[in-house]
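To keep things clear, I will list the structure first and then write my remarks on it.
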Amino acid sequence: MTGAAAMTGAAAMTAGRALLVTGLVLGLTACGVPAGGPPQAIPSSEVPYGLADSRPSSSAPATTGAVEAPSQVFLFAADEVLVGRPRDVEGTTVRERLTDLLAALVEGPTTAERDEQLSTLLTPDVRLTVTDLTQRTATVDIGQPAGAPSGPAGRRAVAQLVLTATSLQGVDAVQLTIGGDPVEAPLPMGELTSAPLTAADYAAFLTAPEPPAATTPPAPPS
Numbered sequence: 091m092t093g094a095a096a097m098t099g100a101a102a103m104t105a106g107r108a109l110l111v112t113g114l115v116l117g118l119t120a121c122g123v124p125a126g127g128p129p130q131a132i133p134s135s136e137v138p139y140g141l142a143d144s145r146p147s148s149s150a151p152a153t154t155g156a157v158e159a160p161s162q163v164f165l166f167a168a169d170e171v172l173v174g175r176p177r178d179v180e181g182t183t184v185r186e187r188l189t190d191l192l193a194a195l196v197e198g199p200t201t202a203e204r205d206e207q208l209s210t211l212l213t214p215d216v217r218l219t220v221t222d223l224t225q226r227t228a229t230v231d232i233g234q235p236a237g238a239p240s241g242p243a244g245r246r247a248v249a250q251l252v253l254t255a256t257s258l259q260g261v262d263a264v265q266l267t268i269g270g271d272p273v274e275a276p277l278p279m280g281e282l283t284s285a286p287l288t289a290a291d292y293a294a295f296l297t298a299p300e301p302p303a304a305t306t307p308p309a310p311p312s
C-alpha cells in the first residue's frame with residue numbers, strides 16, 4: 091500500500107469515528123488540504139452524524155408538560171369509605187374551578203354512581219361559597235340548611251368537602267366559615283380545630299375501619 095493510500099485510509103477511519111470538529115479538521119488535512127491555504131466550506135452532505143444539520147432531529151422525543159391530576163368529588167361507598175370520582179370543571183382561575191367543583195359535589199352522585207351505591211351526606215340545598223383563595227388555602231362559607239348533619243355524620247360531610255376541594259390543583263387547604271365567621275371544624279375523632287383543613291386530616295375516611303377484634307367466649311364450666 092502506498093503512502094498516499096495509507097493516508098487516505100487513515101482519513102476515512104478518522105472521519106468515520108470522529109464526533110468532534112477537531113477530528114474532522116485532522117481528517118481533511120490528511121486528505122491533502124494545504125495547512126496554510128484559505129479555509130474552504132465543507133458540504134453538509136460530507137459531515138457525519140448530522141453535526142452540520144441545524145434542523146431538529148425528527149427522532150427527538152417531544153417535550154410534554156406534567157399531566158395534571160383530575161379534580162374529584164368524594165362520595166361514600168356502602169362501607170362508608172370515601173372514594174373519589176373525576177369531574178370536569180370549568181373556569182379560567184383556580185377560584186372559578188373550585189366553585190364549579192363544589193357545585194358538582196352538591197349535585198351529588200350521578201345515576202351511574204348511584205348504581206354503584208355511592209352516596210353523599212350533603213343535601214342539594216346546602217350552599218358552598220368560595221369567598222377567598224390565598225396562598226393555596228381556600229375559604230369556603232357554608233350556608234347551613236335546616237337538618238344539616240352533626241356528630242359523626244357531620245365529620246364525614248366535612249371530610250367530603252375538604253377532600254373534594256383539595257383534589258383541585260392549586261388548593262392545599264380549606265378554611266370553613268358560616269355567615270362569614272370562622273368556625274372550628276371537627277376532625278375524624280371528634281376533636282375541633284380552627285386551623286386550615288387538609289386532605290391528610292381526613293385520610294382516615296379513605297380506608298375501611300378495622301373490624302372489631304373477635305372475642306373468644308369463656309369455656310363452659312366442667
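Quick note on numbering: the working numbering labels position 138 of the sequence shown as 228, and the sequence is numbered without any gaps. For every residue, glycine included, the Cβ atom is placed at its ideal position computed from N, Cα and C. Predicted model only: the values in this text are computed from it and were never measured.
If you check the CB distance, G174 and Q162 come in under 7 Å. The count of Cβ pairs closer than 8 Å, one atom from the segment 219-231 and one from the segment 274-283, stays below three, leaving the stretches out of contact. Cα atoms of L208 and P272: separation of roughly 31 Å, rounded to the nearest angstrom. The beta-carbon distance between L195 and Q250, rounded to whole angstroms, is 7 Å. This is short enough to meet the 8 Å contact definition. Straight across, the Cα-Cα distance linking P199 with Q265 is about 24 Å. T183 and S257 have their C-alpha atoms some 15 Å from each other. Around the CB of I268, fewer than 16 other CB atoms lie within 10 Å, so the residue is classed as exposed. Annotation note: the segment 169-226 contains the following uninterrupted alpha helix (DSSP H) runs of length 4 or greater, listed N- to C-terminal: 184-197 and 201-205. Counting only residues of its own chain and dropping the five nearest sequence neighbours on each side, V261 has a CB closer than 7 Å to the CB of V184, L188, R226, A228 and A255. For Q265, the enclosing beta strand (DSSP E) begins and ends at A263 to I268. Rounded to the nearest angstrom, the gap between the Cα atoms of A167 and G270 is 32 Å.
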